[in-house]
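Notes follow the structure.
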């Protein structure tokens, strides 16, 4: 991001995009249940809607978009896993002096290995009625270790305060009058170098509050 304000607004924008998820995910399922009550599995709802309701050309475009979205998600997950292995394990503990080329090849190999593991694990999904049920069950296994590791990091070996300056959240910083109303940085090292303030409607805290209220409304409607 160009500035701290841009980074914050990017996160807030994602919050607004998430508001469309119930309409994209839940409503097609409700429509499919109403039109095709005899579906064998819930996972067949969306493909059935595409096959039965859309014309040939448009259905092809929708399926191509769906496959592209799935490939993008898989690519991001594989890249994240490979980066985690190469940076946090291989380069830190196994080969601290590894060259950039070596790290690149290790990342490629680890990506291939992870992909093979995923393909071998895929048949296990057949034991569940739907993919959503599998995700919920899987999160039940990994949620507790994640929380334990997170709490361990929070309550042990803290960095000095000067190293954490500007990186931690606090009520005092969040409610500073100038914290969200500064102009985007066009020069210097901080927004304070520029001076001035943005209009109230550009305060990221106000927009985040609107996003939170809309999220609560959507949750209440689809509860």
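Numbering (my numbering), first residue to last: 1 to 223. Quick reminder that beta carbons are idealized off the backbone N, C-alpha and C, glycines included.
Whether residue i touches residue j by CB criterion (9 angstroms)
| i | j | result |
| --- | --- | --- |
| residue 78 | residue 115 | yes |
| residue 37 | residue 129 | no |
| residue 46 | residue 22 | no |
| residue 211 | residue 19 | yes |
| residue 48 | residue 58 | no |
| residue 206 | residue 214 | no |
| residue 158 | residue 164 | yes |
Neighbour-count burial assignment, residue i, 16 or more Cβ in a 10 Å radius
| i | result |
| --- | --- |
| residue 168 | exposed |
| residue 106 | buried |
| residue 122 | exposed |
| residue 32 | buried |
| residue 86 | buried |
| residue 5 | buried |
Rounded Cβ spacing between residue i and residue j (contact assumed at less than 8 angstroms)
| i | j | result |
| --- | --- | --- |
| residue 12 | residue 204 | 6 angstroms |
| residue 15 | residue 144 | Rounded, the Cβ-Cβ distance is 27 angstroms, inconsistent with contact. |
| residue 26 | residue 222 | 6 angstroms |
| residue 92 | residue 102 | Between residue 102 and residue 92 the Cβ distance is about 14 angstroms, and since that is not below 8 angstroms, they are no contact. |
| residue 54 | residue 62 | 6 angstroms |
| residue 148 | residue 111 | With 8 angstroms as the limit, residue 148 and residue 111 do not qualify as a contact, their Cβ atoms being about 28 angstroms apart. |
Reference residue i, options the options, closest by Cα
| i | options | result |
| --- | --- | --- |
| residue 238 | 90, 200, 44 | Limits of the chain in this structure are 1 at one end and 223 at the other, which puts residue 238 out of reach. |
| residue 109 | 126, 90, 39 | 90 |
| residue 218 | 17, 10, 1 | 17 |
Heavy atom of the ligand MN within 8 angstroms of residue i beta-carbon
| i | result |
| --- | --- |
| residue 143 | Of ligands this structure carries none, so the ligand MN is not represented either. |
Can you list, in chain order, the stretches of the beta strand (DSSP E) that have 3 or more residues and sit fully within the segment 21-96? Counting whole runs of 3 or more residues, the segment 21-96 contains no beta strand (DSSP E) stretch at all.
Run through the segment 94-181 for me and flag every whole alpha helix (DSSP H) of 4 or more residues, listed as ranges in chain order. Entirely contained in the segment 94-181, the alpha helix (DSSP H) runs reaching 4 residues are, in chain order, 100-121, 131-155, 161-164, 171-174.
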